[in-house]
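**Q** This structure is in structure tokens; I'll ask about it shortly.
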Amino acid sequence: MSQRLRRIRDLVTSRIFVRTAFLVFFLGACTQLMLFVRWAQGSGAYVPRPEAVAGLLPVGHFTSFFAWVRGGGWDTLLPAGLVIIIAAIAVSLLFKRGFCGWICPVGTVWELAELVGRKVFGHTFRLPTWLDRVGRGVRYVLAAVILAFLVLVPLTEAIGFRQLPYMWTADVKILSGFANPVFIVVGLVAFFLSMLFSPVWCRYLCPLGGWYSTLGMASPCAVHRDDEKCINCHKCTKVCHALVDVEKAPDRVWAPECDGCMDCVRVCPAPGALEARALGRWRIPAWVWPVLVVGTWLLIYAIAKLTHNWDTTITRDMFKQVINSGLLQQATPSGL
Ligand code: SF4
Ligand code: SF4
């Protein structure tokens with residue numbers, strides 16, 4: 001392969017490129033949703049409601065997911081949310097928290113903050129080890145409590161929840177909530193903290209990240225280190241944005257924080273010392289990893305779309321009715 005083609009391949013499979021692409025797509029979907037609401041309120045041309053905005057309400061759709069797992073049937077009203085949850089679980093289970101590492105738009109914003117922080121301060125600061133451990137523990141406790149609640153909620157209530165008109169427009173309420181001054185202040189504080197200490201939300205608070213980290217520990221694909229080939233240059237540990245001590249990994253990188261970003265594999269100068277492998281045997285080149293992550297994501301989307309399990313069955317007139325019924329205004333003081 002020519003040098004030029006290799007450069008293009010490495011750019012297109014770099015984390016910044018893939019993550020930015022997902023973030024731009026998601027922002028586009030949010031804009032489209034606001035245009036849809038304008039249409040529903042009678043002040044704009046019709047644009048279709050984007051189903052991908054279901055990602056704005058992951059906990060709500062997790063309720064639906066567990067209802068489905070417990071025999072409560074598929075969500076035919078807003079199935080895209082269920083598909084997104086299944087895709088995020090599949091990607092994290094197969095590729096070490098791959099959803100957090102390559103797709104999640106929220107994580108991308110905090111990682112951008114970290115990049116800005118590195119430019120401004122020259123590096124990110126590390127919390128004392130004990131505080132870091134406590135913080136990470138908080139995330140797992142949060143994740144376990146919310147998970148227990150979602151699993152234990154009575155099935156009839158879980159099914160009833162997704163049938164509420166409130167749920168149909170929850171994405172709009174969340175979006176409009178972003179304009180709330182309290183949210184803006186909290187967002188700015190989180191941005192600043194991420195500049196200083198790397199993404200604090202992802203590392204210490206996000207319950208979804210806690211679940212996906214746990215699933216990722218069972219992943220058949222992971223980074224492996226060969227002690228005999230390692231020249232102890234410390235580059236892998238230094239580059240790891242998840243603060244994993246890669247150079248001390250006994251064989252496989254088991255750390256739940258690893259999101260398979262491939263930075264350590266790309267930076268390792270010793271051939272064969274650090275490789276991503278499937279089932280510990282088959283080498284996965286660093287550029288192939290994101291292709292597999294994104295490919296799995298898109299494959300699940302395509303199957304859902306082709307089998308008519310992606311698009312909502314709520315008609316545009318029903319949405320219009322709910323949006324104009326006053327329910328939306330009650331829940332969104334700031335409006336759109
Ligand atoms: S740098 Fe390596 S160990 Fe760290 S998160 Fe990325 S893949 Fe995992
Ligand atoms: S970057 Fe490679 S050679 Fe350097 S310490 Fe890590 S595994 Fe060893």
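Going by the numbering used here, the residue at position 147 of the sequence shown is 147; the numbering climbs one at a time, nothing skipped.
Idealized CB from N, CA, C, for every residue including glycine.
Return yes when the C-beta of Leu293 is under 6 angstroms from any heavy atom of ligand 1, and no when it is not.
**A** The displayed chain sequence assigns Val, not Leu, to residue 293. Checking the Cβ of Val293 against ligand 1 gives no.
**Q** Which class does Leu299 belong to by DSSP, given the choice of helix, strand or coil?
**A** Three-state DSSP puts Leu299 in a helix.
**Q** Can you say whether Met1 is buried or exposed, counting buried as having 16 or more other CB atoms within 10 angstroms of its CB?
**A** Result: exposed.
**Q** Tell me which residues share the same chain as Val293 and place their Cβ nearer than 6 angstroms to its Cβ, disregarding the 5 neighbours each side in the sequence.
**A** Cβ neighbours of Val293 beyond the five flanking positions: Val91, Phe95, Gly98 and Trp102.
**Q** To the nearest angstrom, report how far apart Thr169 and Phe36 are at their CA atoms.
**A** The straight-line gap from Cα to Cα measures roughly 11 angstroms.
**Q** Hey, Asp245 and Thr237 are a contact pair by Cβ (cut 8 angstroms); roughly how many whole angstroms apart?
**A** Rounded, the Cβ-Cβ distance is 5 angstroms, consistent with contact.
**Q** Just the Cα atoms here: how many angstroms apart are Thr332 and Asp259?
**A** The predicted model places Thr332 with a pLDDT of 41, which falls under 50 and marks its position as unreliable, so this point remains unresolved.
**Q** Compute every distance between the C-beta of Val244 and the non-hydrogen atoms of ligand 1, then say whether any falls below 6 angstroms.
**A** Yes, Cβ of Val244 sits closer than 6 angstroms to a heavy atom of ligand 1.
**Q** Just to confirm my understanding: we take Ala88, look at its own chain, exclude 5 residues before and 5 after, and list those with CB closer than 6 angstroms. What are they?
**A** Result list for Ala88: Phe99, in chain order.
**Q** Flag this pair as touching only if the region 196–213 and the region 120–130 have three or more C-beta atom pairs under 8 angstroms; answer yes or no.
**A** These segments touch.
**Q** For Arg19, count neighbouring C-beta atoms within 10 Å of its own C-beta (all shown protein chains included) and say buried if the count is 16 or more, exposed if not.
**A** Arg19 comes out buried.
**Q** Are at least three pairs of beta-carbons, each pair with one atom in the region 296–305 and one in the region 260–277, less than 8 angstroms apart?
**A** Too few Cβ pairs lie closer than 8 angstroms, so no.
**Q** Compute the distance between the beta-carbons of Ala278 and Pro220, then report whether it is under 7 angstroms.
**A** Yes, these two residues count as a Cβ contact at 7 angstroms.
**Q** Does the distance from the C-beta atom of Ala54 to that of Ala80 stay below 7 angstroms?
**A** The answer is yes: Cβ separation under 7 angstroms.
**Q** Below 7 angstroms between beta carbons: does that hold for Cys202 and Gly107?
**A** Their beta carbons are under 7 angstroms apart, which means Cys202 touches Gly107 by this criterion.
**Q** Just to confirm, does Gly260 get its C-beta within under 6 angstroms of one of the non-hydrogen atoms of ligand 1?
**A** The answer is yes for Gly260.
**Q** Among Arg7, Asn232 and His241, which residue has its Cα nearest to the Cα of Trp110?
**A** Measuring from the Cα of Trp110, the nearest candidate turns out to be His241.
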